[in-house]
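Each remark here refers to the structure printed beneath this line.
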Amino acid sequence: MSDGGLRTPQTIKTYSDFIKTLSEQERASFLNFCQEKAKNLSQEVIDLEAWLASKTKAGENRWEVQYRFYKASRSSRHQEELSRIQAREQVKQWKRKLEEQTVTATVACKESLHKEKDEHE
């Protein structure tokens, strides 16, 4: 199915078929994501997997809808992490530049002092 980044084959029609396509780690992550989302619902979800296997009011497979949300949230978290990494890298570059400028200024100061000293002798 092409919409929302869902990369499961169109032949997958049921939740039980879908969940088997995920690695153990992704399955656990997806179920944890769904569990967290279910906590915010007005009606308590007793059986998470039965809830995921059901249809939405719009007639969509709930697991497909939740998987799109899951993928989108992972994508945004990935972007946030990339932004943090880029910011840290920019800070490192700024620190290196500042250190280089400090060394250059220190050397220039010492040379100026030596030159001044030599002129007075």
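Using the numbering used here, the first residue of the sequence shown is number 11, and each one after it goes up by one.
Virtual Cβ for every residue (Gly too), placed ideally from N, Cα, C.
Fill in: Assumed close pair A82, W73 - CB separation to whole angstroms, cut-off 8 Å
Not quite, the Cβ-Cβ distance comes to about 15 Å (not below 8 Å), so this is no contact.
Worksheet item: Under the three-state reduction of DSSP, which class applies to N42: helix, strand or coil?
Response: In the displayed model, N42 falls within a helix according to three-state DSSP.
Discussion item. By the DSSP assignment, the alpha helix (DSSP H) with K30 in it spans what residues?
Written reply: Segment Y25 to K30, the alpha helix (DSSP H) holding K30.
Worksheet item: Given that a residue counts as buried once 16 or more other Cβ atoms are within 10 Å of its Cβ, and exposed if not, what is V117?
Response: The residue is exposed, with fewer than 16 neighbouring Cβ atoms inside 10 Å.
Worksheet item: To the nearest angstrom, how far is it from the Cα of K127 to the Cα of E109?
Response: The straight-line gap from Cα to Cα measures roughly 27 Å.
Worksheet item: Are the segment 54 to 68 and the segment 28 to 46 in contact at 8 Å, needing three or more beta carbon pairs?
Response: Yes, the segment 54 to 68 is in contact with the segment 28 to 46.
Worksheet item: Where do the ends of the alpha helix (DSSP H) carrying L62 lie?
Response: Under the DSSP assignment, L62 falls in the alpha helix (DSSP H) whose first and last residues are L58 to A63.
Practice prompt. Could you check if Q103 is buried or exposed, using at least 16 other CB atoms within 10 Å of its CB as the buried criterion?
Written response: Burial is judged here by how many other beta carbons sit within 10 angstroms of a residue's own beta carbon; Q103 has fewer than 16 and is exposed.
Item to complete: Verify whether the separation of the beta carbon atoms of T66 and V55 is less than 8 Å.
Response: Going by C-beta atoms, T66 is not nearer than 8 Å to V55.
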